[in-house]
Amino acid sequence: MKIVDVKINGIENPIGFSYPKIKCSWKVTGTTGKYQVRSKIVVSEKEDFSEILWSKEDHDLDWIGEIIDITPKPRTRYYFYVEVTDDENNTAKSDVCFFETGKMAEKWKAKFIGTNEEPSFHPCFVREFSLDGVKEIKEGRIYVTGLGLYEAYLNGVKIGDDYLAPFCNDYNKGIQYQTYDITNLLKADNKLSIICGNGWYKGRLGYDGDVSYYGNKFGVIAEVYVNGKLTVMTDESFKYCGSDIVSSDIYDGEEYNRLYWKDKKNECKPVTVWKDNKDTVARLVERYSLPVVVKETLPVKEIINTPAGEKVLDFGQNFTGYVSFKSKLPSGTKVVLDFGEVLQEGNFYNANYRSAKAQFTYVSDGSEEDVRPHFTYYGFRYVRVTGWEGELNAEDFTGNVVYSDLETTATLDTSDAKLNRLASNCLWGQKSNFLDMPTDCPQRDERLGWTGDAQVFAPTACFNMDTRAFYRKFLYDLHLDQMDHDGIVANFIPNISKAPGGSSVWGDVATFLPMALYEYYGDEDELRANYPLMKDWVDHVIHEDEEHGDTGLWNFGFHFGDWLAQDGISPQSMKGGTDDYFVASVYYYESLIKAGSAARILGYVDDSIRYAKRAEKVNTAILNEYFSPSGRLAIDTQTAYLICLKYKIFISRDKIIDGLKLRLKKDCYKIKGGFVGATMMCQVLAENGMEDIAYYILFQEGFPGWMHCINLGATTIWERWNSILDDGTISGTGMNSLNHYSYGSVMEYVYRFIAGIQPNSAGFKSAYIAPQLSSKLQYVNFEYNSVSGKYSSCWKINDDGTITVRAEVPFGCSAVYRLPGTNGEEIQLEAGIFEKTYKPARDYRLMYTMDTRLEEFAEDKRALDIIKADLPLAYKLIESKDVESLGLTLNELQTMFFMGFNPPMVMAAADKLLALKKEWK
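First residue of the sequence shown? That's 823 in the numbering used here, and the numbers climb one at a time after it.
Structure, rendered in structure tokens:
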């Protein structure tokens, strides 16, 4: 029996964070026991627990979040452990863990210091100090930040693992400082160095080209404590000189020149205390950003010699981060690295980065060293290397994958290599865009926290990773901005736009994301903290509705609508064909439902009643405006039907399902929706008895579709279905990212319905496991390490037609398991492993039904041979490749007497076709 994954506020051993509440979570593994009968948390300021500060013991301590009820002191480390006894009288004790506070409300004695005049170089602030009077260095801490970005070094060693600190937020509202343990770096004689880069603060930010949006000068502040005593602080005793970083920019890259000062004076100069030091210090806050770190490394897969004569490194994977390399280059050698996502005609290409230069330049002074950029990051797979002296060796280069320090919590393995690739692409898209905030893309001159993307992807993200602390930061920043705009939610953050935001779907992240987090992590305190964001948003929309006639419809203002859908005016249209105001009104309704649900959970009865009444009014208004009296939807698009089913807005559910089926047939079963429709499509189909269509949409390899992108070489999710055309050329450069996670939302469908794991109560304390099988897959193995522990769902269709299912339920939890192929038989599961092999009522080896379309037969030689011999008229239709004809089903052919078909003829072939069984390799 073990206690694992012990975290404070979703973070392992946090140092210097803001702690609005201190909540401890843990998991129990390795026991045959089913539930806890006693648990205990013990807290001490002493690592040996010789003095107990606080403890709590009970039979029902909450493993997904138990409050440690202490009043923390500044600059203090608290040690704690968790102990659990199960129903079989086994007891386990966790490792000793800790959390540590920053300065909290303690007054800063240090000052913000800067340069005398804004230099053309990136400065390095320096201070030497001695610890001669210190007999023993027991502990050392530095509390530090810098603007725009900074890296601190003690005795030549980088302090901490953070990259791009102090990260990205509205610096006018708060400047995060970091706390680092420097005990092992301190010596008798020390040199503290802090270098600065531009970053989001004073570099280029946003596609409008804003520079120095938050400030135009470099500055740092730091306090060093040794054995609890303030020893060094930034003030007039510091000096500064020039670093070898000549320029840096988030979008454009970095120039790192080891010879920059060769023929120039670089004497140390006195620093200047910022004139607005007092106001700037007042904005300092404890960190609330997760560490941004190198999470993994990638080797060069291949060195490509392009037709244009270029040397290009291929890492085999699109990702976010930087390249480091070993340099033994002669003095004066200038190496330039250019970053791109795709090759064109075999040559390097990055025009889709728009104005982002995305370049790293290094000039060697002849020293042997490991080289990396400091104040930028790139989104890339390919790197063009120019200026390299001598042979280019793959082993000299490393791809450093950089994102927030998030734990991956989902693993999927299936019998289909392309589905496995899709799962990988989705995860890599998340890794690439979860760098301190959920960005739209990591490569071009944008990289902003678009709220619409975040909203649609959040449930998938919570399966893939433990996102508690990450989204806490995002929602906090979002609410800070909202408070400046009367409840309006930004389209993206940092909100450097001239417009405050306020589009439906995008702004609805304010209600959708907090409720998704509650569903996955079950934290009422987090929901309560986010409730003002939710309330202010729906109250804003209600107010706007009242100002526009109080109709119950959101039929005014700008909305992104079904962004990048395929049923717009042209394939390159930004908006789809579903009425923007219809989409807005549906999301108005659903945000009211979610805000009302949050109010009920939190005990805000008046709000709950008010939002329920308003939701009823909006629902009635939508039905009156967009539905016929008999229940037919007036907007005939895939997305319109999908959102009605998803959010239960209809007079007759059956009519919406029939309308969707007819619309799909007219659309030849091709995806037409965009950020709204396509992201939820398979899940809505699976929820409404159309799982066979959901499987088809997922696996079909034509355009548009997920497998079509994979067939074209995608290693991440693309912004557009046609980002790359069938001939390998990029479809355009105006808005075309090859690393854009939104359409990766389809993996929520895979996890919830194909693997079949869904929460049955908040925080996955109980689950509903109901996998949906198909002959398209022989087996699925899925594990989800939820906040409550690891659930797994595995199934396999055996060669004899039986199926084997296996499920794992974590300690303290329960599940309802719906056995596939049994007409709804359900089994109650407790903690442990369940496994069963049985003969289902449906033979899942059978590939076809009477509703199978000719298009699907066309990919199967056995089926084609039967059709060619027994149904030659249908074979001619397949040969014609006419999209309408390929959409015909066996059922429909029976009635097409005008084309020469009749029921006996079709059924004779159908008897053979419907007997075909999947032959897995």
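Think of the CB as a built atom: it goes at the ideal place given N, C-alpha and C, for glycine as much as any other residue. Just so we're clear, the structure is a prediction, and the values are computed from it rather than from any experiment.
Asked                                                                                                                                                                                                               : Found
If you compare alpha carbons, which of Lys1683, Arg1640 and Met1529 is closest to Asn1582?                                                                                                                          : Arg1640
Measure the beta-carbon distance from Lys849 to Pro1632 and round it to whole angstroms, keeping in mind my assumption that it falls under 8 Å.                                                                     : 7 Å
Exposed or buried, which one is Ala1730 when buried takes at least 16 other CB atoms within 10 Å?                                                                                                                   : exposed
Is DSSP giving Tyr1411 helix, strand or coil here?                                                                                                                                                                  : helix
Check for me: the beta strand (DSSP E) holding Asn1222 runs from which residue to which?                                                                                                                            : Phe1219 to Ser1226
Any idea if Leu1446 is buried or exposed, counting beta-carbon neighbours within 10 angstroms, 16 or more meaning buried?                                                                                           : Looking at the sequence provided, one finds Asn at residue 1446 rather than Leu. Answer is exposed; the Cβ neighbour count stays below 16.
Can you name, in chain order, every residue of its own chain whose Cβ lies under 8 Å from the Cβ of Leu875, other than the five neighbours on each side?                                                            : Val865, Ser866, Glu867, Ile892 and Tyr900
Locate the beta strand (DSSP E) running through Cys846, then write down its first and last residues.                                                                                                                : Lys845 to Thr851
Grouping DSSP H, G and I as helix and E and B as strand, with all else coil, what is Tyr1047?                                                                                                                       : strand
Can you tell me whether Thr898 is helix, strand or coil according to DSSP?                                                                                                                                          : coil
Using only the alpha-carbon positions, how far apart do Gly1643 and Asn1620 sit?                                                                                                                                    : 14 Å
Among the candidates Lys980, Ile1043 and Thr1236, whose CA atom is the shortest distance from the CA of Lys931?                                                                                                     : Ile1043
Looking at C-beta atoms only, is the number of pairs between the stretch 1050 to 1064 and the stretch 976 to 996 that lie closer than 8 Å three or more?                                                            : no
Expressed to the nearest angstrom, what Euclidean distance is found between the alpha-carbon atoms of Tyr1200 and Gln1594?                                                                                          : 39 Å
Cα separation between Ala1178 and Val1033?                                                                                                                                                                          : 13 Å
Below 8 Å, how does it come out for the stretch 1519 to 1539 and the stretch 1130 to 1146: are there three or more Cβ pairs, yes or no?                                                                             : yes
Return the CA-CA distance between Ala1245 and Leu1234, expressed in angstroms with no decimal places.                                                                                                               : 7 Å
Buried or exposed: Asp1267, going by 16 or more other Cβ atoms within 10 Å of its Cβ?                                                                                                                               : buried
How about Ile1391: is its C-beta nearer than 8 Å to some C-beta of chain C?                                                                                                                                         : The structure shown contains no chain C; it holds only a single protein chain.
Alpha carbons only, please: which of Tyr1448, Asp1066, Asn1169 and Asp1384 is nearest the one belonging to Asn1127?                                                                                                 : Asn1169
Grab me the residues of Leu1112's own chain with a C-beta within less than 8 Å of its C-beta, minus the 5 sequence neighbours each way, in chain order.                                                             : Ile833, Ser1226, Asp1227, Leu1228, Asp1258, Ala1291, Phe1292 and Lys1295
Threshold first: 3 residues or longer. Then list the beta strand (DSSP E) segments lying entirely within the stretch 1583 to 1625, N to C.                                                                          : 1588 to 1591, 1601 to 1608 and 1611 to 1619
Within the chosen definition, does the stretch 1388 to 1402 reach the stretch 1332 to 1347 through at least 3 CB pairs nearer than 8 Å?                                                                             : no
Along the chain, where does the beta strand (DSSP E) containing Arg1542 start, and where does it finish?                                                                                                            : No beta strand (DSSP E) contains Arg1542, which DSSP labels as neither H nor E.
Starting from Lys878 and walking both ways along the beta strand (DSSP E), at which residues does that stretch end?                                                                                                 : Trp876 to Asp880
Mind checking whether Lys1133 and Val1093 have CB atoms under 8 Å apart?                                                                                                                                            : no
Cβ atoms of His1562 and Asp1262: under 8 Å apart, would you say?                                                                                                                                                    : yes
Under a three-way DSSP split, which group does Gly1064 fall into?                                                                                                                                                   : strand
Measure the C-alpha to C-alpha separation of Cys1248 and Leu1547 and round it to an integer number of angstroms.                                                                                                    : 20 Å
Taking the alpha carbon of Ser1610 as the point to measure from, which residue in Tyr965, Asp1622, Gln1388 and Ser1636 has its own alpha carbon closest?                                                            : Ser1636
Using 8 Å as the cut-off, can you tell me whether the stretch 1520 to 1532 makes contact with the stretch 1564 to 1578, which would need three or more C-beta pairs spanning the two stretches below that distance? : yes
How close, in whole Å, do the beta carbons of His999 and Arg963 come, if the pair is a contact with beta carbons under 8 Å?                                                                                         : The question names His, yet the displayed sequence has Tyr at residue 999. Not a contact, Cβ separation roughly 12 Å.
Helix, strand or coil for Val1042, going by three-state DSSP, please let me know.                                                                                                                                   : strand
Ignore the nearest five residues each way along the sequence and tell me which others in Asn831's own chain have a CB closer than 8 Å to its CB.                                                                    : Phe839, Tyr841, Lys843, Ile844, Lys845, Arg1290, Ala1291 and Arg1294
Flag this pair as yes or no: are the beta carbons of Glu905 and Lys862 separated by less than 8 Å?                                                                                                                  : yes
Would you kindly check if the distance between the Cβ of Tyr1433 and the Cβ of Ala1417 is under 8 Å?                                                                                                                : yes
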